[in-house]
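First residue of the sequence shown: 1, per my numbering; consecutive thereafter.
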Amino acid sequence: MRDVAVIIPTLRRLDSLERALRSVFVQVGSLHRVAAIVVADNDPQGSAAALIERLRAEAPVPLTYAHAPIPGVATARNVGLAATDAPLIAFLDDDETASPGWLAALLSAQTQTGADVVFGPIRGRVPDNTGWTTTYLERFFGRDGPRETGLTDDIHGCGNSLMVRATALPGEAPFDVAMNETGGEDDRLFTALSARGGRFGWASDAWVDEFAPPHRATLTYALTRAFAYGQSPTQMAADRRDWPGVVKWMLVGLAQTGVWGAASVLSAILRRPDRAIIYDRCARGLGKVFWTKGFEPKLYGSAMLSRSDA
């Protein structure tokens with residue numbers, strides 16, 4: 001029974017997209033269930049089309065090209081979903097490479113737990129020239145979790161996940177395109193699912209490697225994203241009109257900023273090798289305080305296109 005589609009959103013990363021696709025081609029113990037691999041090309045110029053056409057002859061399962069010309073990861077995910085009617089959806093990012101047992105582990109974990117969404121672990125990979133920030137960046141672009149497969153209370157991002165379409169992805173466009181420039185569309189989706197009583201699972205053997213490109217493998221980029229991650233709990237409370245929750249998260253952020261801000265100054269003076277982690281905690285605290293739209297970093301969509309053009 002072919003009941004799962006693998007969706008890979010992409011934007012002008014042809015080399016890493018090909019690496020991601022080839023890692024799906026060699027999956028073990030699960031290809032008989034794959035209805036399609038869908039590439040959602042978020043480049044207005046459709047730069048991935050030729051690559052998909054070239055790889056079709058090698059693909060062991062149907063390879064579908066879906067053009068999503070309006071820049072934004074939420075749009076790309078929605079367009080990818082519209083290109084398949086599979087009841088199970090696996091998401092892999094275009095900078096990720098799946099281990100051979102990745103999809104089988106996700107599917108097994110979903111069967112075992114009955115979860116609406118299952119997440120898997122990620123190994124962060126960064127270029128060789130990242131110096132004293134290497135350990136921090138590998139951890140930042142990676143994802144840890146329980147050593148055993150099972151249900152979890154932790155919510156992660158879409159990359160390296162499996163979702164039950166009927167419960168986790170309601171409607172024709174479940175990802176909020178208002179988040180195209182800032183990201184966080186998955187946080188909003190999963191927060192709503194949790195409020196409906198949805199369940200989340202962890203597949204401890206569903207490993208992928210995430211390769212951070214040089215322009216992302218920097219302390220500035222990581223701390224900017226850490227700030228955006230910090231904004232999320234306050235923003236989600238505001239979306240629910242939970243104003244006591246907004247106040248609570250802002251107070252938590254103030255406390256974190258005070259503690260980790262002071263620690264950041266001291267660790268910078270002492271040049272502690274782990275100071276990037278301390279900076280990260282301070283940035284997340286600041287995000288909880290400065291959570292409104294005027295402070296949201298623009299990291300995705302047209303911002304990515306602008307960097308690519310430059």
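Glycine included, every Cβ here is placed at the ideal spot set by N, Cα and C.
Residue from D280, W132, V126 and D116 with nearest C-alpha to C158: D116
Assuming T84 contacts A217 under a Cβ cut-off of 8 Å, what Cβ separation, rounded to an integer in Å, is found between them? That belief does not hold up - the Cβ atoms of T84 and A217 are roughly 32 Å apart, past 8 Å.
E138, DSSP secondary structure in three states: Correct three-state label for E138: helix.
Taking Cβ to Cβ, would you say L169 is nearer than 8 Å to L81? It is a contact, given that the beta carbons lie within the stated cut-off.
Those residues which DSSP pairs with R281 across a bridge: Its beta-bridge partners do not exist; DSSP assigns none.
Rounded C-beta distance between P71 and P44? I'm assuming under 8 Å. 7 Å
What does a CB cutoff of less than 7 Å around A74 pick up in its chain, not counting 5 residues either side in sequence? Around A74: F175, D176, V177, M179, N180 and E185.
What do you get for P325, buried or exposed, if any count of 16 or more other CB atoms within 10 angstroms of its CB means buried? This structure gives no information on residue 325, because the portion of the chain shown stretches from 1 to 310.
May I have the straight-line CA-CA distance separating E148 from D15, to the nearest angstrom? 33 Å
Runs of beta strand (DSSP E) lying entirely within the segment 197–245, each at least 3 residues, in chain order: 200–202 and 208–211
Could you spell out where the beta strand (DSSP E) holding V4 opens and where it closes? V4 to T10
Rounded separation between V246 and Q235 - CA only: 8 Å
Compute the beta-carbon to beta-carbon distance between V6 and P100, rounded to the nearest angstrom, for a pair I have assumed lies under 8 Å. V6 to P100, Cβ: 14 Å. No contact.
Suppose the cutoff is 8 Å on Cβ atoms and the five residues either side in sequence are ignored; what does the same chain contact list for A59 look like? Cβ within range, chain order: L21, F25 and I37.
I'd like the span of the beta strand (DSSP E) that includes F91, first residue to last. Per DSSP, the unbroken beta strand (DSSP E) holding F91 starts and ends at L88 to F91.
Would you please state the rounded distance, in angstroms, between the beta carbons of V118 and A192? I believe it to be under 8 Å. Actually they are not in contact, since the Cβ atoms of V118 and A192 sit about 18 Å apart, beyond 8 Å.
Test item: CB-CB of E172 and E96 under 8 Å: In this structure, E172 lies away from E96, with their beta-carbon atoms at least 8 Å apart.
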